[in-house]
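Protein chains in written order, with this note's numbering: chain A, 320 to 339; chain B, 7 to 198.
In structure tokens:
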């Protein structure tokens with residue numbers, strides 16, 4: 320099954336990742 | 007606790023492994039010698055670790071490029087997976103370097119790594135950003151210029167993701183036409 324991510328998830332991830 | 011720990015260690019895998027390339031125009035060297043592979047990644051975490059670590063495109067000096075291509079495809083027309091293809095080209099006005107460039111480039115990268123072109127994502131090869139005094143350019147490169155349905159779908163979705171209005175049109179150029187153009191104008195194969 321294709322691994323797809325939408326823009327909101329990816330941008331949200333940057334925020335979580337930066338705050339870790 | 008173990009589950010929480012395990013979850014924190016799980017990385018989010020991407021569909022493809024991607025390679026970031028950097029090109030710096032040093033006239034005294036061969037073109038290929040100016041092209042450098044920076045690194046490869048295949049998870050969301052590693053993408054952000056890289057993106058947050060490198061200089062934003064708008065801060066690069068003139069003559070530099072970033073390219074993000076699927077692992078195994080080199081960022082040049084000559085690559086066997088590029089030579090029959092083409093690119094959706096975004097040309098920016100000079101003043102847009104400090105207003106739009108970094109946003110457009112990030113949106114382009116997210117379209118690629120997120121596989122946002124539905125069933126046609128496998129037609130995508132990569133993307134290039136050129137920092138130039140006469141105006142910066144961003145392009146998504148696709149595999150087959152003759153695959154009209156796939157190419158136009160990619161163009162429409164791309165334009166939507168960049169938030170470009172209906173009035174703004176973007177053009178698709180086959181690399182073969184760009185490579186052999188006689189004037190400064192390259193033939194546009196598709197428009198959306």
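From the three backbone atoms N, C-alpha and C, an ideal C-beta is built for every residue, glycine too.
Residue range of the unbroken alpha helix (DSSP H) whose run includes residue i
i	result
residue 123 (chain B)	Premise fails: residue 123 (chain B) is in no alpha helix (DSSP H) and is neither H nor E.
residue 184 (chain B)	181-185
residue 158 (chain B)	154-168
residue 327 (chain A)	326-338
Residue i Cβ short of 7 angstroms to the ligand NAD heavy atom set
i	result
residue 27 (chain B)	Although the ligand NAD was asked about, the structure shown includes no ligands whatsoever.
Proximity to residue i [Cα-Cα], best of the options
i	options	result
residue 145 (chain B)	B:68, B:22, B:184 and B:66	B:184
residue 97 (chain B)	B:134, B:166, B:150 and B:74	B:134
residue 137 (chain B)	B:107, B:168 and B:158	B:107
residue 141 (chain B)	B:118, B:82, B:163 and B:69	B:69
residue 32 (chain B)	B:113, B:67, B:155 and B:193	B:67
Host beta strand (DSSP E) of residue i (start-end)
i	result
residue 23 (chain B)	19-29
residue 44 (chain B)	41-49
residue 132 (chain B)	130-136
residue 145 (chain B)	143-148
Within 8 angstroms, strictly: CB atoms of residue i and residue j
i	j	result
residue 336 (chain A)	residue 24 (chain B)	no
residue 100 (chain B)	residue 49 (chain B)	no
residue 324 (chain A)	residue 169 (chain B)	no
residue 36 (chain B)	residue 329 (chain A)	no
residue 113 (chain B)	residue 59 (chain B)	no
residue 95 (chain B)	residue 143 (chain B)	yes
residue 321 (chain A)	residue 20 (chain B)	no
residue 163 (chain B)	residue 196 (chain B)	no
residue 41 (chain B)	residue 29 (chain B)	yes
Close-in-space but distant-in-sequence residues of the same chain around residue i (CB under 7 angstroms, 5 per side omitted)
i	result
residue 79 (chain B)	85, 87, 88, 131 and 132
residue 63 (chain B)	72, 107, 108, 111, 135 and 137
residue 56 (chain B)	26, 45 and 47
residue 153 (chain B)	129
residue 165 (chain B)	176 and 198
residue 338 (chain A)	none
Close-in-space but distant-in-sequence residues of the same chain around residue i (CB under 6 angstroms, 5 per side omitted)
i	result
residue 92 (chain B)	151, 178, 179, 180 and 181
residue 22 (chain B)	76
Beta-carbon proximity list for residue i, same chain, < 8 angstroms, skipping 5 on both sides
i	result
residue 159 (chain B)	123, 124 and 126
Ignoring anything shorter than 4 residues, give me the alpha helix (DSSP H) runs that lie fully in the region 44-96 of chain B, in order along the chain.
50-57
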